[in-house]
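Trainee: Just dropping this structure here.
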Amino acid sequence: QAKRNGKGRYELFEPAMQERLLRTLDLEADLRRAVERDEFVLRYQPIFDLRDGRIVAVEALVRWHHPDRGIVPPGQFVPLAEETGLIVPIGGWVLREACRRAGAWNAAGRPPLTVQVNLSARQLQEPDLPELVTRALGDAGLDPSRLVLELTESQLLDDTEAMIPRLGELKRVGVRLALDDFGTGHSALAYLRRFPIDMIKIDRSFVAETERDLAPAPSLASAIVQLGRTLRLVVVAEGIETPQQQRRLRDAGCHLGQGYRFAAELPHHEVEALLTGGAAERWR
Ligand code: C2E
Ligand code: MG
Ligand code: MG
Ligand code: MG
Numbered sequence: 469q470a471k472r473n474g475k476g477r478y479e480l481f482e483p484a485m486q487e488r489l490l491r492t493l494d495l496e497a498d499l500r501r502a503v504e505r506d507e508f509v510l511r512y513q514p515i516f517d518l519r520d521g522r523i524v525a526v527e528a529l530v531r532w533h534h535p536d537r538g539i540v541p542p543g544q545f546v547p548l549a550e551e552t553g554l555i556v557p558i559g560g561w562v563l564r565e566a567c568r569r570a571g572a573w574n575a576a577g578r579p580p581l582t583v584q585v586n587l588s589a590r591q592l593q594e595p596d597l598p599e600l601v602t603r604a605l606g607d608a609g610l611d612p613s614r615l616v617l618e619l620t621e622s623q624l625l626d627d628t629e630a631m632i633p634r635l636g637e638l639k640r641v642g643v644r645l646a647l648d649d650f651g652t653g654h655s656a657l658a659y660l661r662r663f664p665i666d667m668i669k670i671d672r673s674f675v676a677e678t679e680r681d682l683a684p685a686p687s688l689a690s691a692i693v694q695l696g697r698t699l700r701l702v703v704v705a706e707g708i709e710t711p712q713q714q715r716r717l718r719d720a721g722c723h724l725g726q727g728y729r730f731a732a733e734l735p736h737h738e739v740e741a742l743l744t745g746g747a748a749e750r751w752r
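If you want full-length UniProt numbering, it's the 1-based position in the sequence shown plus 468.
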């Protein structure tokens, strides 16, 4: 009987598949509830000036504080949030919360700090995104130049012709735009000039490579740094884990970096401690 109803139907009754389906539905219901109950928290990973060790920015990274599962990292729920569209309200909250925090940090009279927020493709498609960003900045009292929105190459290549005016609208708000995980997507080289991008973030796979190339041959990371400098882009290295990686990137002319060598993603009060505690001396 089951077989006559077609292959798809038959598969649904395989226990493994059914279990997976139920687990996904379960997670989806949980995620909807999480949006209503504000179960998300932000961690902030400092971005350092590799020349003098100052903290110049922080990247906001979302976590789901699940009542039973504990802290759930973005890799385990952002894909589902994107599929279901729940990333739109979640991402809106991330934007407001990150701006609010950065606004408060900048009101404390220290050297200005930039906050970087990751955006999903779904958010970029929302017509009111520029308004949401403007409002988040206004409510937080944060200068637009102190917000960087991080996008990935694949997001931009999905619908290139529509993306260019979209990014233009965001630029008119006054924020800066970064290409995240640079070098891992379909190459956006030809588009780097057409998109109003301000910053590239070298993916940590290239950063890890600088450790291995012990010969003086230039690494891909240093080639990316050169490319960025030629195009007058700010270059940030992601995932710096060792002093050697730090040294090699700095010597290649990369001015900014983040990674476990310096600091992991931290709760906001630990960022505050770093900001007031003169982190600079430690990383020179
Ligand atoms: P990403 O934007 O490339 O963020 C960097 C990731 O690398 C973070 O993982 C961070 O914890 C990790 N990382 C930082 N330093 C090091 C290091 O030295 N070594 C290693 N191995 N890893 C390091 P996380 O927080 O799990 O985030 C993963 C991804 O989830 C992010 O990658 C980003 O694409 C996405 N994501 C995070 N927060 C948000 C958000 O608010 N909205 C959206 N749409 N996506 C987000
Ligand atoms: Mg990022
Ligand atoms: Mg990245
Ligand atoms: Mg990423």
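Glycine included, every Cβ here is placed at the ideal spot set by N, Cα and C.
Use the C-beta contact count for residue 445: other C-beta atoms within 10 angstroms, 16 or more gives buried, fewer gives exposed.
Mentor: Residue 445 falls outside the range modelled here, since the chain spans only 469 to 752, and no answer is possible.
Trainee: With a cut-off of 8 angstroms on the beta carbons, I'd call Val641 and Val601 a contact; round off their distance for me.
Mentor: Taking the first residue of the sequence shown as position 1, residue 641 is located at position 173. Taking the first residue of the sequence shown as position 1, residue 601 is located at position 133. Between Val601 and Val641 the Cβ distance is about 5 angstroms, and since that is below 8 angstroms, they are a contact.
Trainee: Taking the straight line between their C-alpha atoms, what separation do you get for Gln713 and Gly606?
Mentor: Within the sequence shown, residue 713 is the residue found at index 245, counting from 1. Within the sequence shown, residue 606 is the residue found at index 138, counting from 1. Those two C-alpha atoms are separated by around 38 angstroms.
Trainee: In the DSSP output, what is Arg644 paired with across the bridge?
Mentor: As a position in the sequence shown, residue 644 is number 176, starting the count at 1. Answer is Val616.
Trainee: In whole angstroms, what is the alpha-carbon distance linking Leu587 and Arg716?
Mentor: In the sequence shown, the residue the question calls residue 587 occupies position 119. In the sequence shown, the residue the question calls residue 716 occupies position 248. Answer to the nearest angstrom: the Cα atoms are 30 angstroms apart.
Trainee: Select from Val524, Leu688, Val693 the residue whose C-alpha is nearest the C-alpha of Ala676.
Mentor: In the sequence shown, the residue the question calls residue 676 occupies position 208. Comparing Cα positions, the closest option is Leu688.
Trainee: What is the DSSP secondary structure of Glu527, counted as helix, strand or coil?
Mentor: Taking the sequence shown and counting its residues from 1, the one referred to as residue 527 is at position 59. Reduced to three states, the DSSP call for Glu527 is strand.
Trainee: Am I right that Leu597 and Leu619 are in contact with their C-beta atoms under 8 angstroms? What's the rounded C-beta distance?
Mentor: In the sequence shown, the residue the question calls residue 597 occupies position 129. In the sequence shown, the residue the question calls residue 619 occupies position 151. Not confirmed; about 12 angstroms, so no contact.
Trainee: Would you give the residue range spanned by the alpha helix (DSSP H) that Gly560 belongs to?
Mentor: Numbered from 1 along the sequence shown, position 92 holds the residue referred to as residue 560. Note, Gly560: alpha helix (DSSP H), 555-574.
Trainee: Taking one C-beta from the segment 523-532 and one from the segment 494-511 each time, how about it: are there three or more such pairs within less than 8 angstroms?
Mentor: yes
Trainee: Nearest by alpha-carbon distance to Gln623: which of Ala720, Val583, Pro483, Ala589 is it?
Mentor: Here the question's residue 623 lines up with position 155 in the sequence shown. Among Ala720, Val583, Pro483, Ala589, the Cα nearest to that of Gln623 is on Ala589.
Trainee: Straight-line CA distance for Gly553 to Asp719?
Mentor: Position 85 of the sequence shown, counted from the start, is the residue given in the question as residue 553. Position 251 of the sequence shown, counted from the start, is the residue given in the question as residue 719. Cα to Cα, Gly553 sits roughly 43 angstroms from Asp719.
Trainee: Cβ of Asp649 versus every heavy atom of ligand 3: is any distance shorter than 7 angstroms?
Mentor: In the sequence shown, residue 649 corresponds to position 181, counting from 1. Because some heavy atom of ligand 3 lies under 7 angstroms away, the Cβ of Asp649 counts as near it: yes.
Trainee: Closer than 7 angstroms: is that where the CB of Glu706 sits relative to any heavy atom of ligand 3?
Mentor: To locate residue 706, count along the sequence shown from 1; it is residue 238. Because some heavy atom of ligand 3 lies under 7 angstroms away, the Cβ of Glu706 counts as near it: yes.
Trainee: Please tell me whether His723 and Arg519 are closer than 8 angstroms, where the distance is taken between their beta carbons.
Mentor: Taking the first residue of the sequence shown as 1, we reach residue 723 at position 255. Taking the first residue of the sequence shown as 1, we reach residue 519 at position 51. Contact flag set, yes.
Trainee: In chain order, what residues of the same chain lie with their CB nearer than 6 angstroms to the CB of Pro542, ignoring the 5 residues before and after it?
Mentor: Along the sequence shown, read from residue 1 onward, the residue named residue 542 stands at position 74. These residues qualify, in order along the chain: Val530.
Trainee: Please name the residue in Ser690, Leu699, Gly577, Thr652 whose C-alpha comes closest to that of Arg662.
Mentor: In the sequence shown, counting from the first residue as 1, residue 662 sits at position 194. Here the closest residue by C-alpha is Leu699.
Trainee: Just verifying my parser: in three-state terms, what is the DSSP assignment at Arg537?
Mentor: The residue you call residue 537 lines up with position 69 of the sequence shown. In the structure shown, Arg537 sits in coil (DSSP, three-state: anything other than H, G, I, E or B).
Trainee: Looking only at its chain, what residues have a beta carbon closer than 6 angstroms to the beta carbon of Glu637, apart from the 5 residues adjacent to it on each side?
Mentor: In the sequence shown, the residue the question calls residue 637 occupies position 169. Result list for Glu637: Pro598, in chain order.
Trainee: Shortest alpha-carbon distance to Arg568 belongs to which of Asp536, Gly559, Gly609?
Mentor: Counted from its first residue, the sequence shown places residue 568 at position 100. For the residues Asp536, Gly559, Gly609, the minimum Cα distance to Arg568 belongs to Gly609.
Trainee: By Cβ distance, which residues of its chain are closer than 8 angstroms to Gln469, with the 5 residues on each side in sequence left out?
Mentor: Working through the sequence shown from its first residue, we reach residue 469 at position 1. Reliability fails at Gln469, whose pLDDT of 43 lies under 50, so the model's placement of it is uncertain and the value that follows must be treated cautiously. If we look at Gln469 and ignore the five residues flanking it on each side, it has no Cβ neighbours.
Trainee: In the DSSP assignment, find the alpha helix (DSSP H) that holds Ala705 and state where it starts and stops.
Mentor: For the purposes of this step, residue 705 is taken as residue 237 along the sequence shown, with counting starting at 1. Run containing Ala705: none in the alpha helix (DSSP H); it sits in the beta strand (DSSP E), 702-705.
Trainee: Under a three-way DSSP split, which group does Gln584 fall into?
Mentor: Here residue 584 corresponds to residue number 116 of the sequence shown, with the count starting at 1. Note: Gln584 maps to strand in three-state DSSP.
Trainee: Can the beta-carbon of residue 771 be found less than 8 angstroms from the beta-carbon of Gly725?
Mentor: There is simply no residue 771 to check, as the chain begins at 469 and stops at 752 in what is shown.
Trainee: Note the first and the last residue of the continuous alpha helix (DSSP H) segment covering Asp607.
Mentor: As a first step, residue 607 is located in the sequence shown; it is residue number 139 there, counting from the start. Residues 597-608.
Trainee: Just the C-alpha distance for Glu496 and Arg634, rounded to the nearest angstrom, thanks.
Mentor: As a position in the sequence shown, residue 496 is number 28, starting the count at 1. As a position in the sequence shown, residue 634 is number 166, starting the count at 1. In a straight line, the C-alpha of Glu496 is about 30 angstroms away from that of Arg634.
Trainee: To which residues of the same chain is Ala731 closer than 6 angstroms at the C-beta, ignoring the five residues directly before and after it?
Mentor: Within the sequence shown, the letter at position 263 stands for residue 731. Within the same chain, Cβ atoms closer than 6 angstroms to the Cβ of Ala731 are found at Pro514, the five residues on either side in sequence being excluded.
Trainee: What did DSSP end up calling Leu510 once you bin it into helix, strand or coil?
Mentor: Position 42 of the sequence shown, counted from the start, is the residue given in the question as residue 510. Three-state DSSP puts Leu510 in a strand.
Trainee: Ile708 lies in the alpha helix (DSSP H); which residues open and close that run?
Mentor: One-based indexing of the sequence shown puts residue 708 at position 240. Run containing Ile708: none; DSSP gives neither H nor E here.
Trainee: Should Glu565 be listed as close to ligand 2, given that the test is whether its C-beta is under 7 angstroms from any heavy atom?
Mentor: As a first step, residue 565 must be located in the sequence shown, where it is residue number 97. Because no heavy atom of ligand 2 lies under 7 angstroms away, the Cβ of Glu565 does not count as near it: no.
Trainee: How is the alpha helix (DSSP H) around Ile692 delimited, first residue to last?
Mentor: On the sequence shown, residue 692 is found 224 positions in, with the first residue counted as 1. From DSSP, the alpha helix (DSSP H) with Ile692 extends over 688-698.
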